[in-house]
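When we follow our numbering, the leftmost residue of the sequence shown carries the number 6, and every step to the right adds one.
Quick notes on the structure that follows.
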Amino acid sequence: MHDLLLRGGTVYDGLGGPGVVADVAITGDRVSAVGADLGPARREIDVTGLAVAPGFIDAHSHSDPVPLMPQPQPFKLHQGVTTEIVGNCGFSFAPLDAAAIEATGPLFAELAGGVPVVPRDFAGYLDDIAATGPTNHIAAMVGHNTLRAYANGMDERLRPGALEQMCRLADEAFAAGAVGLSSGLIYPPGSYGDTAELIALARVAHRWNRPYTTHMRNEDDRLGEALDEAITIATQARVRLQISHCKVAGKANHGGGKALLAKLHAARLAGVDVRGDQYPYRAGGTFLNALLPGAALVGGTEAMRARLADPAERARLRALAEDVTQPNGFWARVTPADVFVTTHTTRPEVTGRTLAELAGTADAFDTLCEVLLGDPGAGMVVTMMAEDDVETIMADPLIGIGSDNGPPVGLQHPRTWGCFPRVLGEYVRERGLLTLPEAVRKMTSAIADQFGLTGRGFVDAGAVADLVVFDPATIGHDGTYAVPDVRPTGVEHVVLAGHVVVESGRFTGERRGLVLRG
């Protein structure tokens, strides 16, 4: 006898196949059969008229500390997401020691969402999550920024032996279960690393058959060069390559989506196993200090504060920031009206307002510096992309879906609460840009394959019973940048390793997630 039977839904297998009306039987934590007349089950749920799909896998999440929050956080389950890949953009929450935490200061605090950032190795981080019991499954990568901060602080030049130490730490992380290596090459201290440094680390990933994911060194004026660097790293280390949150930023570069995809396709023809992920919005979200050149953060947070407080240094940084011939932060690629402040620890009154509104008739760069003096780790949502590029990139079969969410607290980007339902509602149902089978594939097997998540990302006998049941006619998300934390519509049931954790749209309260180790 089966434990659970989902009866009468339209099953999308996650591999791109058409929807088929069938029952799905579950025994223990596995799908035991898909078809008709499957026999009795201890429990049945009638899902007639609804879609049944593999649980969605978020390729690009910053939920690293979320499982350590005292209360369960079902914001991803309400989107149909059963697994998150964390440790992205070079920022993993291990390995960290006291010196690394001190050096990075508010950068990790902003990502932590109120969870204490503590020293521990990678194995300890995974063990802590497993002991707490995550609300959904977590698979974690090790981050280049974290490795560099541990071995080298916020120094620009590598100290003697630092690269060797970074490689040892990466090796230990893979042994503990890290599912990949990530980089965030616009963020110090990772931005100080050169291509050779990244190749050395990626070769460690190669030994463990783990992929390399990258927030590239540039996503605007020098996007082509940044793609070339990522492809060079993957070629010389022979690793799978994931281009994080594929985009073309900056008004001067709009229309470049086809060129981005052309480079990915050419790389695949040359033998590089490259894919990408994307969120379905024109605006991104990151640290407010990403508007500044990397030179601002050399030496750490207090060094940055000293520079911003010094008129001569501030003028020097302004000149660098306004130099569009160099990859010196986002300042010259956006306008103050494009920058929406989302988090600030000491001046909450600045959140929910644009930099243009905060400046008024004053100088906007000076206003930016004053805001950062109050909180160097403040966050922003920044509008940088054109809708035509968003659609061009999304339609390509090499691009999967990743939310790039922050912790579910405060005024985060709406992608935190609604990325996956937005794709299915806006870009599948309303615009017809994607078919439903293709959208499901982009959210499931396309990600599971890249990160080696065996048994996940498809619906068939023997697959792990991570499933989402949703209504294609109503699924969507109405969150905005001003009011982002709106619950999605249309996600009816979620099954996590055979357990019903969302029933009739309501979270059951059970923390049934697991740590998925590489």
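Ideal Cβ placement from N, Cα and C applies to all residues, glycine included.
None of the values given here were measured: they were computed from a predicted structure.
The beta-carbon distance between Ala470 and Val36, rounded to whole angstroms, is 5 Å. This is short enough to meet the 8 Å contact definition.
Just so you know, the alpha carbons of Leu11 and Lys81 end up roughly 21 Å apart. Burial of Arg222 is indicated by the presence of at least 16 other C-beta atoms within 10 angstroms of its C-beta.
Judged by DSSP secondary structure, Met385 falls within the beta strand (DSSP E) whose first and last residues are Gly384 to Thr388. Distances from the CA of Leu322 to each of Leu373, Ala364, Val346 and Leu472 were compared; the closest alpha carbon is that of Leu373. The beta carbon of Ala154 sits closer than 7 Å to those of Ala105, Ala108, Thr109 and Pro194, all from its chain and outside the five residues before and after it, given in chain order. Exclusion of the five residues before and after Ala41 leaves Ala27 and Asp28 as the residues of its chain whose Cβ lies within less than 8 Å of its Cβ. Every unbroken stretch of the beta strand (DSSP E) spanning 3 or more residues and falling wholly within the region 109 to 181 is given here in chain order: 142 to 145. If you draw a straight line from the Cα of Asp18 to the Cα of Gly118, it is about 35 Å long. C-alpha of Leu9 to C-alpha of Gly457: approximately 27 Å in a straight line. Beta-bridge pairing by DSSP links Pro23 to no other residue.
Its Cα nearest to that of Gln76, the residue Thr137 stands out among Glu115, His65, Thr137 and Ser66.
The C-alpha of Pro111 is placed about 32 Å away from the C-alpha of Gly514. Distances from the CA of Gly523 to each of Thr494, Ala210 and Ile248 were compared; the closest alpha carbon is that of Ala210. Under the three-state reduction of DSSP, Arg273 is assigned to helix.
Per DSSP, Phe98 lies in no beta strand (DSSP E) segment and is marked neither H nor E.
With fewer than 16 other Cβ atoms from the protein chains shown falling within 10 Å of its own Cβ, Leu274 counts as exposed. Going by beta carbons, Thr421 and Gly411 fall inside the 8 Å limit.
Cβ neighbours of Ala144 within its own chain (closer than 8 Å, five residues either side excluded): Thr88, Glu89, Ile90, Val91, Val184, Phe456, Leu458, Val520, Leu521, Arg522 and Gly523.
Looking at Pro402, Leu302, Ala242 and Gly158, the one whose alpha-carbon comes closest to that of Thr440 is Pro402. Going by C-alpha positions, Gln331 is about 24 Å away from Ala267. In the three-state reduction of the DSSP assignment, Glu224 falls in the coil class, being assigned neither a helical nor a strand state. Of the residues assessed, Ala451 falls on the buried side of the cut-off, its CB having 16 or more other CB atoms within 10 angstroms.
For Ala46, the CB contacts under 7 Å within the same chain, skipping 5 residues up- and downstream, are Met6, His7, Asp8, Leu9, Leu10 and Ala30 in chain order.
For Tyr217, the beta-bridge partners assigned by DSSP are Leu186 and Leu246. By alpha-carbon distance to Gln84, the top candidate from Lys447, Pro493 and Tyr130 is Pro493. When rounded, the separation of the alpha-carbon atoms in Arg312 and Val120 is 29 Å. The same chain holds no residue with a CB closer than 8 Å to that of Asp315 once the five nearest residues on each side in sequence are set aside. For Glu392, there is no enclosing beta strand (DSSP E); the enclosing alpha helix (DSSP H) has its first and last residue at Glu392 to Ala400.
In its chain, beyond the 5 residues on either side, Thr388, Met389, Met390, Ala391, Glu392 and Val395 have a beta carbon closer than 8 Å to the beta carbon of Arg287. In chain order, Ala470 and Leu472 place their CB closer than 6 Å to the CB of Val500, counting only its own chain and leaving out the 5 sequence neighbours on each side. Cys424 and Ala444 have their C-alpha atoms spaced approximately 12 Å apart.
The region 347 to 363 makes contact with the region 375 to 383: 3 or more CB pairs, one atom from each, lie closer than 8 Å. Under the DSSP assignment, Ser450 falls outside any beta strand (DSSP E), being part of the alpha helix (DSSP H) whose first and last residues are Ser450 to Gln455.
The region 198 to 214 makes contact with the region 234 to 254; the number of CB pairs closer than 8 Å reaches 3 or more.
Thr219 counts as buried, since no fewer than 16 other beta carbons sit within 10 angstroms of its beta carbon.
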